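Structure first, then comments.
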Amino acid sequence: MSLPQLNEKQREALLATQGPILVLAGAGSGKTSVITRKMVYLIKEKDIPARNIVAVTFTNKAAREMKQRVSKLAGAKATQGLTVSTFHNFGLNFIRREYKKLRMKSNFTIFDDQDSLALIKDLGFKEAESDKQLLFRLQQQISAWKNELILPEQAYNQAKDQEQLIFAKVYEKYARSMKAYNAVDFDDLILIPTLLLRDDPEVREKWQNKIRYLLVDEYQDTNTSQYELIKHLVGQFGHFTVVGDDDQSIYSWRGARPENLDQLAKDYPHLQVIKLEQNYRSYGRILKAANVLIDNNPHAFVKKLWSDKPYGDPLRVVTCPNEDAEAEKVVTEIISRKVRTKNGRYSDFAILYRGNHQSKIFERTLIANNVPYKISGSTSFFARSEIKDIMAYLRLLTNPDDDNAFLRIANTPRRGIGPTTLEQLGTYAQIRHISLFAACHEIGLEQHLQGKGLDNVRRFSDLVSRAADNAERGDSVGVIHDLVARIGYHSWLHETSSTPKAAEFRWNNIQELLGWVEKGIDDNSNDPNPFAAAVANLMLRDMLDRNEKEEEESNEVQLMTLHAAKGLEFNHVYLVGMEEEFLPHKSSIENDDIEEERRLAYVGITRAQRTLTFTLCKKRSKYGEVMTCEPSRFLEELPQDDLDWDAKRKPLTEEEQEQLATDNISMLKSLFAD
DNA sequence: ACCCCCTGACTTTTT
DNA sequence: GTCAGGGGGT
Numbered sequence: 001m002s003l004p005q006l007n008e009k010q011r012e013a014l015l016a017t018q019g020p021i022l023v024l025a026g027a028g029s030g031k032t033s034v035i036t037r038k039m040v041y042l043i044k045e046k047d048i049p050a051r052n053i054v055a056v057t058f059t060n061k062a063a064r065e066m067k068q069r070v071s072k073l074a075g076a077k078a079t080q081g082l083t084v085s086t087f088h089n090f091g092l093n094f095i096r097r098e099y100k101k102l103r104m105k106s107n108f109t110i111f112d113d114q115d116s117l118a119l120i121k122d123l124g125f126k127e128a129e130s131d132k133q134l135l136f137r138l139q140q141q142i143s144a145w146k147n148e149l150i151l152p153e154q155a156y157n158q159a160k161d162q163e164q165l166i167f168a169k170v171y172e173k174y175a176r177s178m179k180a181y182n183a184v185d186f187d188d189l190i191l192i193p194t195l196l197l198r199d200d201p202e203v204r205e206k207w208q209n210k211i212r213y214l215l216v217d218e219y220q221d222t223n224t225s226q227y228e229l230i231k232h233l234v235g236q237f238g239h240f241t242v243v244g245d246d247d248q249s250i251y252s253w254r255g256a257r258p259e260n261l262d263q264l265a266k267d268y269p270h271l272q273v274i275k276l277e278q279n280y281r282s283y284g285r286i287l288k289a290a291n292v293l294i295d296n297n298p299h300a301f302v303k304k305l306w307s308d309k310p311y312g313d314p315l316r317v318v319t320c321p322n323e324d325a326e327a328e329k330v331v332t333e334i335i336s337r338k339v340r341t342k343n344g345r346y347s348d349f350a351i352l353y354r355g356n357h358q359s360k361i362f363e364r365t366l367i368a369n370n371v372p373y374k375i376s377g378s379t380s381f382f383a384r385s386e387i388k389d390i391m392a393y394l395r396l397l398t399n400p401d402d403d404n405a406f407l408r409i410a411n412t413p414r415r416g417i418g419p420t421t422l423e424q425l426g427t428y429a430q431i432r433h434i435s436l437f438a439a440c441h442e443i444g445l446e447q448h449l450q451g452k453g454l455d456n457v458r459r460f461s462d463l464v465s466r467a468a469d470n471a472e473r474g475d476s477v478g479v480i481h482d483l484v485a486r487i488g489y490h491s492w493l494h495e496t497s498s499t500p501k502a503a504e505f506r507w508n509n510i511q512e513l514l515g516w517v518e519k520g521i522d523d524n525s526n527d528p529n530p531f532a533a534a535v536a537n538l539m540l541r542d543m544l545d546r547n548e549k550e551e552e553e554s555n556e557v558q559l560m561t562l563h564a565a566k567g568l569e570f571n572h573v574y575l576v577g578m579e580e581e582f583l584p585h586k587s588s589i590e591n592d593d594i595e596e597e598r599r600l601a602y603v604g605i606t607r608a609q610r611t612l613t614f615t616l617c618k619k620r621s622k623y624g625e626v627m628t629c630e631p632s633r634f635l636e637e638l639p640q641d642d643l644d645w646d647a648k649r650k651p652l653t654e655e656e657q658e659q660l661a662t663d664n665i666s667m668l669k670s671l672f673a674d
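When you line the first sequence up against our numbering, it's residues 1 to 674, in that order.
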């Protein structure tokens, strides 16, 4: 196999197939290309069967992209059986295969964050019922324990204060309830396989034999439990490649441990470290600025990005009197730049910010100027109420013990099962130690019990259990369509939507969802319960081919947080709100956690291919009050010779700036008014 | 059951 | 300043 288009280091990373390999891949250094081509190399040249190769990523998007690229390079036939999935999807498949060993039922449901929060709230921890903040902290603590591989008993023993003690108790209760509901949460999808692999030599051996080569993307984002999972999967002399960049670690607040990179060197003394330092994305000056900035952070592995692209224009720093002027400045500049560029597209421009709330004013200004835009990270498909409703029906069909699903839909659409009935049902279920749905069923059998609410409960219980029976027997998709029709969901949508158009839009969403269920059911798999498997997969939000549509070249200005921008690139980047207390964020300053904020700025800078513009405000109205803002310390850390810093070169008075801004805007407006 | 007003939050989020 | 979500009133 010839290896064109790869540089020396990339080739080295690709050819190293013995023992543990760490690839330190700087921003824009062609890391995805290396991983995908390495998989092809392993299959084609090293004759490792595709089914013995596993690659894990953090997002569905990354997994999908990788899979596509590999099968394009190696052909669909050669890649048959190759596993490219997210950590969570891998964990899910693991559990579905090993459910017997785990003493679980095959029809477990997956709880998302909201489900688990609802459960925690329900566990009767008095203080947390009213105090949302506390409830939230509790959920995060439980999640953190799970990510650290700490079980309830250990949490209890390690508790340092009264609060921790109480939290640990709730954790224990939570774990027991999850078992009763036959449910797992997202963290369990990693935790459960890790514990089984750790404790069961037979299972461990089986999986280590299956996986002859493991690849891990975005390694710096792994948490403790993911680290251990990988360790147990590859065994002591494992052959694997992990790819990561400690400078782009921006998720430590949710358990990611960039230290896992150093830990790897300690756990595997023969670890081969390969650095990819040539950047194919940015102009030289942008890279220089990024390097200088990140040099202020301590490093376990030193790395210096370089590029043979042109040096490029100085990075501009634009100081604005206030946030309105900032937005106007950015938007009018994007318009004029786009018009001036031949074949200029709005999608060449990105506006990046620290917090979601910062998008609002830019959105408003873009609308006012008729500029098409796209904000990433807005309400997702699965957050839509109609999708949550139907998902709850699907969950209840596969797992009748899923009380969260039951509660969501018991009275949706309205069928006269109000709070009073539900409370009675809850009490009954609690006494009998059964789920709410099972309680419905039992009450249904007690013919002598009378009451309007009870009749409704009976009817509901009959409806769902009949559907569940039929679904298990065969045509589950037909059964679901039938169920959706029987509950009158279509007319319910029309009742609850403001316009008929909105109702039809929501109805279409449901049709789309049901289409995925249909596609997701794999009758040929040896899974004992293909329908349940399909529903579980949907909880992990892998939307299969939906994104193909979404990702077609859109001519829209891209707006997103710095976190969401990781992995992407844009010709022209506007990094807005470059002020102290924004970037670095106020709470990070207070917690003395500047390094991760610096990495965030680094990620933002390295997104830019050609030009980079920082903007900041002198004054900003925060929470109704006008506040004076300080320029971000990161601006001071950048190489000043490479900056075109307006305010420093010729400081204008506030009035002059305001005048200038107004002039520019009216000039541009008259230019593009039509 | 529904609506309206008040209160509190204003870091980041995938699965 | 603005929005969401809870609580309380009708």
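We put the CB at the ideal spot given by N, CA and C, even for glycine.
This structure is a prediction, so every number in the text was calculated from the model and none was measured.
Reference residue i; option with closest CA among the options
i: E8; options: E277, N411, E579, I390; result: E277
i: L149; options: L191, G478, S116, L117; result: L191
i: T496; options: R458, T412, G478; result: T412
i: L22; options: A13, R610, I443; result: A13
i: K275; options: D246, R37, R257, A159; result: D246
i: R610; options: F582, Y280, L151, P372; result: Y280
i: S307; options: A290, N399, T420, N89; result: A290
i: A534; options: T222, T561, N399, I409; result: N399
i: A144; options: D402, N223, L92, A502; result: N223
i: K619; options: L638, L165, P321; result: P321
i: L261; options: L229, E442, R384, L24; result: L24
i: F614; options: S621, V626, S632; result: S632
i: I390; options: L638, V273, T194, L493; result: L493
Cα-Cα separation, residue i to residue j
i: V484; j: S476; result: 12 Å
i: K61; j: R254; result: 20 Å
i: D674; j: V331; result: Residue placement at D674 is flagged as unreliable, the pLDDT there being 39, under the threshold of 50; a coordinate-derived value is accordingly withheld.
i: F108; j: G26; result: 40 Å
i: E548; j: T606; result: In this prediction, E548 scores a pLDDT of 46, lower than 50, which makes its location untrustworthy; the coordinate-derived value is nonetheless stated afterwards. Near 26 Å, if we compare the C-alpha coordinates of T606 and E548.
i: W207; j: F58; result: 21 Å
i: I142; j: Y171; result: 6 Å
i: R11; j: R37; result: 10 Å
i: G344; j: R337; result: 8 Å
i: N356; j: D644; result: 27 Å
i: E326; j: N571; result: 20 Å
i: G478; j: K360; result: 43 Å
i: R316; j: F349; result: 15 Å
i: T83; j: F240; result: 14 Å
i: V34; j: T341; result: 33 Å
i: T628; j: K160; result: 41 Å
i: V603; j: A78; result: 36 Å
i: P372; j: E328; result: 15 Å
i: S588; j: L138; result: 21 Å
i: E595; j: L394; result: 44 Å
Residue i - DSSP class collapsed to helix/strand/coil
i: D527; result: coil
i: Q18; result: coil
i: E630; result: coil
i: H270; result: coil
i: Q10; result: helix
i: E548; result: For E548, the pLDDT reaches just 46, beneath the cut-off of 50, and the residue's location in the model is therefore unreliable, leaving the point undetermined.
i: D185; result: strand
i: Y373; result: strand
i: A350; result: strand
Span of the beta strand (DSSP E) around residue i
i: H572; result: 570-575
i: G244; result: 240-244
i: Q675; result: For the chain, the structure presents residues 1 to 674; residue 675 sits outside this window and is missing.
First through last residue of the alpha helix (DSSP H) which encompasses residue i
i: T194; result: 188-199
i: D115; result: 113-122
i: A62; result: 60-74
i: A392; result: 385-398
i: D403; result: 403-409
Any 3 or more C-beta pairs closer than 8 Å across the stretch 107-114 and the stretch 180-191: yes
The stretch 80-89 contacting the stretch 501-521, beta-carbon criterion three pairs below 8 Å: no
Meets three-Cβ-pair contact criterion under 8 Å: the stretch 559-567 and the stretch 419-428: no
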